[in-house]
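Colleague: Numbering (our numbering), first residue to last: 920 to 1253. Structure provided below as structure tokens; questions to follow.
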Amino acid sequence: MNRREVVKGGLAALAAGTVGIGGAAPALAQSKMVLKASDVHPLGYPTVESVVRMGKKLETATNGRLSIQMFPSMQLGGEKEAIEQAQVGALQIARISVGAVGPVVDDVNVFNMPFVFRDSKHMEAVLDGEIGDELLNKITANDKTKLVALGWMNAGSRNIYNSKRPVKALADLKGLKIRMIGNPLFIDTMNALGGNGVAMGFDQVFSAMQTGVVDGAENNLPSFVAQNHYQVAKYFSMTEHLIIPELLVFSKASWMKLTPEDQALLKKVGREAQLEQRALWYEAEAKALEKMKEVGTDIVTSVDKAPFREVVKPVWDKYGAKYADMTKRIAAVS
Ligand code: GTR
């Protein structure tokens, strides 16, 4: 685009009262901006709902000048695509799992290590303390990420489910093909547990289980229910092998076009979204459990996790050394 086109584009946008901040026009403090947001989950899911509410707050605070257009249910693609689109400014807000961010920002991969957190409460304490802030700052400060990290979100713990048999102990996992998020760390984790880890996009999991391409997957309770996985996987075991937090990120390319006041406002409502999502999360977990009982999911709650922790040691040997200090700091958080 030459300069004249840029000016023309800017004027046309001004005439329409709207500036798509992914475009070439500079920030115009008084122009309307519609921030595109993406999530893999459907409307009503805690992460989606909290960002929708964040949009309403933005509208109120700016008399409608700033708003959020939510694209739920993978309408803009999976999480890898969301990260890429945010990096080039094609969308502004992405809610993504740290599982998908690990391959882009190595520092956060420590949260993807099996059994790194004792439980969800431990994870929350880590996120709410100095480690949480430190990692958000690292994501933002690293020029390669091209993202501004606004906050963390809860995603409970991940559990293994499948269509073949109840997994009560490691031996039951032998030979089961289990879908994992596309991050080598997760494939190695599943293989260490005795299953066969298969990397696959979230959008493909249901049909892959239905057609037998995989025997199962692993996820938290609300995802298991929201994605209808219970229809094709009867057996659900509370293995809690991964507790992966999620991130709310903003496109740095778009961020740079905002006024400092709008940036501050976004940080504020982003932080509030984190806290609101947390409350919504626990409600969603309880509701999902109810639904699973209602539809007759076979839930194994009494998994002895000690052997699970033991067999993932090779994963720690392979990936854990560079996170040794951070791991100690995480463990020390009470
Ligand atoms: C969900 C998470 C998604 C996505 C998905 C997956 O728990 O909220 O962001 O990472 O898991 O397994 O791909």
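Where a beta carbon is used, it is the ideal one built from N, C-alpha and C, also for glycine.
#1: Measure the CB-CB distance between R1084 and Y1149 and report whether it falls below 8 Å.
#2: Is the Cβ-Cβ distance between S957 and L995 less than 8 Å?
#3: Quick check on DSSP: helix, strand or coil for M1099?
#4: From the DSSP output, read off the bridge partner residues of I1012.
#5: If we ignore side chains and look at the alpha-carbon of each, how far apart do G942 and D1217 end up?
#6: When you measure from the CB of G1239 to every non-hydrogen atom of the ligand GTR, does any distance come out below 7 Å?
#7: Which residues in the same chain have their Cβ closer than 7 Å to the Cβ of E1195, if we skip the five residues on either side of it in sequence?
#8: Under the assumption that L962 contacts I1012 (Cβ atoms under 8 Å), give the Cβ distance between them as a whole number of angstroms.
#9: Check whether the segment 1128-1140 and the segment 1091-1104 are in contact - that is, three or more C-beta pairs closer than 8 Å.
#10: Grouping DSSP H, G and I as helix and E and B as strand, with all else coil, what is A943?
#11: Are there three or more Cβ pairs, one per stretch, closer than 8 Å when the segment 1220-1235 is compared with the segment 1106-1120?
#12: In three-state DSSP terms, what is S1221?
#13: Are the CB atoms of V1222 and S1156 within a distance shorter than 8 Å?
#14: Could you check which residue in N982, G1120, V1035 and S1016 has the C-alpha nearest to that of K1247?
#15: Relative to the C-alpha of V1007, which residue among V1086, S1170, K1241 and K1206 is closest?
Modeller: A quick look at the data gives this:
#1: no
#2: yes
#3: strand
#4: A956 and F1169
#5: Confidence at G942 is low in this model, with a pLDDT of 47, below 50, so its placement is unreliable and the value that follows should be read with caution. Going by the C-alpha atoms only, they are around 50 Å apart.
#6: no
#7: S969 and R972
#8: Contact flag wrong, Cβ pair sits at about 15 Å.
#9: yes
#10: Bear in mind that a pLDDT of 45 at A943, under 50, signals an unreliable position, so the number given afterwards is only what the model happens to contain. Looking at A943 - three-state DSSP - the assignment turns out to be coil, as it is neither helix nor strand.
#11: yes
#12: coil
#13: yes
#14: V1035
#15: S1170
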